[in-house]
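Engineer: In our numbering, the protein residues as written are 1 to 482. Cβ atoms here follow ideal geometry from the backbone N, Cα and C, with glycine treated the same way.
1. With DSSP collapsed to three states, give me the class of residue 8.
2. Taking only the alpha-carbon atoms, compute the straight-line gap between residue 343 and residue 416 and give it to the nearest angstrom.
3. Using the Cα positions of residue 273 and residue 293, report the straight-line distance between them to the nearest angstrom.
4. Using the Cβ count rule (16 or more neighbours within 10 Å means buried), how would you classify residue 456?
5. Could you give the distance in angstroms between the alpha-carbon of residue 483 and the alpha-carbon of residue 52?
6. Could I get the ranges of all uninterrupted beta strand (DSSP E) runs contained in the stretch 222-279, with 3 residues as the minimum, in chain order?
7. For residue 7, which residues of its own chain have a beta-carbon under 8 Å away from its beta-carbon, when the five flanking residues on both sides are left out?
8. Quick check on DSSP: helix, strand or coil for residue 187?
9. Count the other CB atoms within 10 Å of the CB of residue 463; is the residue buried (16 or more) or exposed (fewer)?
10. Quick check on the burial criterion: 16 or more other C-beta atoms within 10 angstroms. Buried or exposed for residue 89?
11. Please confirm if the stretch 418-425 is in contact with the stretch 268-286, defined as three or more CB-CB distances below 8 Å between the two stretches.
12. Could you tell me the alpha carbon to alpha carbon distance between residue 390 and residue 360, rounded to whole angstroms?
13. For a test of the three-state rule: what should DSSP assign to residue 380, helix, strand or coil?
14. Based on the DSSP secondary-structure assignment, which residues constitute the bridge partners of residue 170?
15. Pull up the CB-CB distance for residue 149 and residue 179, whole angstroms please, since I reckon it's below 8 Å.
16. From residue 75 to residue 65, what does the alpha carbon distance come to, in whole angstroms?
17. When we look at the beta-carbon of residue 155 and count the other beta-carbons within 10 Å, is it buried (16 or more) or exposed?
18. Between 207, 363, 228, 162, which lies nearest to residue 130 when the distance is taken from Cα to Cα?
19. From the DSSP secondary-structure annotation, give me the bridge partner or partners of residue 15.
20. Mind checking who residue 283 pairs with in its DSSP beta bridge?
21. Which same chain residues end up closer than 6 Å to residue 135 when comparing Cβ atoms and leaving out the 5 residues on each side of it in sequence?
22. Whole angstroms is fine: what's the gap from residue 466's alpha carbon to residue 445's?
23. Taking only runs of the alpha helix (DSSP H) that begin and end inside the stretch 374-418, which ones reach a length of at least 4 residues, in chain order?
24. So for residue 436, helix, strand or coil by DSSP?
25. Are the CB atoms of residue 98 and residue 80 within a distance shorter than 7 Å?
26. Short of 7 Å in beta carbon distance, which residues of its chain neighbour residue 164, apart from the five on each side in sequence? Order them along the chain.
27. If you check the beta carbons only, do residue 229 and residue 220 fall under 7 Å apart?
28. Is the stretch 429-442 touching the stretch 383-403, taking contact as three or more C-beta pairs under 8 Å?
29. For residue 357, which of helix, strand or coil comes out of DSSP?
30. Answer with buried or exposed for residue 173, where buried requires no fewer than 16 other C-beta atoms within 10 angstroms of its C-beta.
31. Just how far apart, CA to CA, sit residue 226 and residue 320?
32. Are the CB atoms of residue 385 and residue 349 nearer to each other than 7 Å?
33. Please classify residue 375 as buried or exposed, where buried requires at least 16 neighbouring CB atoms within 10 angstroms.
34. Tell me the DSSP secondary structure of residue 292 in three-state form.
35. Pick out whichever of 420, 316, 237, 254 has its Cα sitting closest to the Cα of residue 460.
36. Drop a sphere of 10 angstroms on the beta-carbon of residue 9, count the other beta-carbons inside from all chains shown, and report buried for 16 or more, exposed for fewer.
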């Protein structure tokens, strides 16, 4: 910033004394006149007033001056527009920024959600050269904001696609940006996002149609359609689909995948009697922001996943002893459903295996439908019998194959495998090791004699033989678990 020097009133010097003009000896008139140098316009003045002394301009005296000490002869006092510090001998008066701030200037990167209202004259921005014309270079600050670097301000001609730093000199009528290219040795990039209210999915409904909002959460599914890419986001309120479009059938935000924590800005739009967000901007959150969102979401999901502590169908000392393990397994199943993790229910193909699996199936299908929608049970649930009385390699190979196919086609997570009437014995270990390689979590509800080796591959294990030498019917365990 600059202002007129108060000491010299903008002249840049101060008068210390006056003396008689040495050329005209104080008369203010010139002794001789060169008529060849007098213009036709000045003849009338010459005839009336005579020849005016060139040195004193007719005053007869001259001022003895010295440069103003306050402004160092500049006529203006320059201060840094960032920190307010005084600037001595500015190299570029237009920049009006001190050397300290110049070494750490802020350059703003506009988020895709920003528009012209978020741009300020006098600030530096990152941009991409979008086109070149005879009169200048067009620069995109984001997909919605564009400006022009006039050819008179462009030194080295850039190429289309080049990244540049520009100063917004002015914002003209009609939202036209006048840009000046800048070259900085050192700067700090600040990402500028549109200030929008942070909502969770439970607060978004059709009454908010057309409103711009921001959500934060975990990507639990990525589905590519023939049009947009659909990202399903899980937050503390539930789930919401977000549609991002680049071009028909092309994957939007290819660097964003399942399990990542993101911040999304977009417009609320109704679709099939539900709502979705038309994505304007999606950013991957890392570090402290990622941890904060993940902690917030996990806390809410952990509370929702807490199973009801209801009495068993029969009074049993064995069941009471198993209650903590059963509550843990029930919570893990519910957490998986809340995270939209596919459930794969594996059971022995005999009477107690089938009845056990059906008991769990009837308990979890309504919850899967409630969380994921009417067709969720087709995408997030499978039940498969095992012919062998253990989880054999043929079973796990088939399960991994289907899981990888679902991941590739629908962007689904690897499933949670629930073993019923199987899974407690050493014969299950080879298949468990194979599943473990692919990051597949596993729960076991069984009544056969358990081997200690299996527990290292499980996140939950319910088996009465872990506490007693006699077993209990696993179908009863599954009924009470459900």
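Structural biologist: So, to answer that:
1. coil
2. 5 Å
3. 29 Å
4. exposed
5. What the structure shows of the chain is the stretch from 1 to 482, and residue 483 is not part of that stretch, so it cannot be assessed.
6. The stretch 222-279 is shown to contain whole beta strand (DSSP E) runs of 3 or more residues at 229-235, 238-244, 261-271, in chain order.
7. 14, 68, 69, 70, 71
8. strand
9. buried
10. With fewer than 16 other Cβ atoms inside 10 Å of its own Cβ, residue 89 counts as exposed.
11. Flag = no, the stretch 418-425 and the stretch 268-286 do not touch.
12. 19 Å
13. helix
14. 178
15. 5 Å
16. 14 Å
17. exposed
18. 162
19. 65
20. 263
21. 151
22. 11 Å
23. 376-380, 393-410
24. helix
25. yes
26. Scanning its chain for C-beta atoms nearer than 7 Å, with the 5 sequence neighbours on each side dropped, one finds around residue 164 the residues 127, 129, 139, 158, 181, in chain order.
27. no
28. yes
29. helix
30. Taking every protein chain shown into account, the CB of residue 173 has fewer than 16 other CB atoms within 10 angstroms, so this residue is exposed.
31. 53 Å
32. yes
33. exposed
34. Helix at residue 292.
35. 420
36. exposed
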